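Chains as they are written, first to last, in the numbering used here: chain L, 41 to 156; chain G, 354 to 467.
All remarks here apply to the structure that follows.
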């Protein structure tokens, strides 16, 4: 099973709302990633968790708050977002963050977020 | 730093035509190379990969060969179908800054018409 699942599929939220995105994988992967993808662009890395610890934060604004409750789950908490944060948010996982560069990343279907 | 350059799209083909999407890379060290495909409204799917020079990755009729001498990883398919319409991303993974970083090209949109 090489599936990464994400919920919800679509999300519309106002600028004062608080919402969360969820991601789950059962491949035993120890690295999990959040990416942001704008239309007609490649994904941009936001955060990386390695062995449930935050390892990389690509200077993401604090209105995005990641959480890794266990080795299978990854959340992205959203608060006071701006309209320019509207995008496709992708979760991915890989066997490990360090070591063998041949480890591929498996992506979920994404959450389409619209901020009004 | 490491980078990936893909041919600009969109690429428009008729069904059963041959496809080549060019991809070149710049990297220090020995990267692994990947092609990902993104169908409309979906996430990215790994299409194929190659981890060392002269390796050929293949899947679903697509193939690409890791060419170290020309730093290229061109995607090819002999006969495209309408269902191949998607955006294709070339990517490299290299150990940089203490971790395996995946670097994407800009993506190439493919449209196949009946």
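Quick reminder that beta carbons are idealized off the backbone N, C-alpha and C, glycines included.
The structure presented is a predicted model; accordingly, all values stated were derived computationally and were not measured.
Whether residue i touches residue j by CB criterion (9 Å)
| i | j | result |
| --- | --- | --- |
| residue 114 of chain L | residue 72 of chain L | yes |
| residue 403 of chain G | residue 414 of chain G | no |
| residue 76 of chain L | residue 143 of chain L | no |
| residue 382 of chain G | residue 457 of chain G | no |
| residue 401 of chain G | residue 412 of chain G | yes |
| residue 461 of chain G | residue 440 of chain G | yes |
| residue 82 of chain L | residue 464 of chain G | no |
| residue 444 of chain G | residue 421 of chain G | no |
| residue 149 of chain L | residue 45 of chain L | yes |
As assigned by DSSP and simplified to three states, the class of residue i
| i | result |
| --- | --- |
| residue 111 of chain L | coil |
| residue 123 of chain L | helix |
| residue 142 of chain L | coil |
| residue 433 of chain G | coil |
| residue 363 of chain G | coil |
| residue 106 of chain L | strand |
| residue 131 of chain L | strand |
Residue i burial status per 10 Å Cβ neighbour count (16 or more: buried)
| i | result |
| --- | --- |
| residue 122 of chain L | exposed |
| residue 58 of chain L | exposed |
| residue 437 of chain G | buried |
| residue 89 of chain L | buried |
| residue 131 of chain L | buried |
| residue 102 of chain L | exposed |
| residue 52 of chain L | exposed |
| residue 86 of chain L | buried |
Identity of the residues DSSP links to residue i by a beta bridge
| i | result |
| --- | --- |
| residue 389 of chain G | G:399 and G:442 |
| residue 97 of chain L | L:87 |
| residue 64 of chain L | L:45 and L:113 |
| residue 377 of chain G | G:358 and G:425 |
Cβ separation of residue i and residue j, assumed to be a contact under 8 Å, to the nearest whole Å
| i | j | result |
| --- | --- | --- |
| residue 386 of chain G | residue 419 of chain G | 5 Å |
| residue 95 of chain L | residue 137 of chain L | 6 Å |
| residue 375 of chain G | residue 141 of chain L | 22 Å between Cβ atoms; not a contact. |
| residue 392 of chain G | residue 399 of chain G | In fact, because the Cβ distance is near 13 Å, the residues do not count as touching under 8 Å. |
| residue 133 of chain L | residue 146 of chain L | 6 Å |
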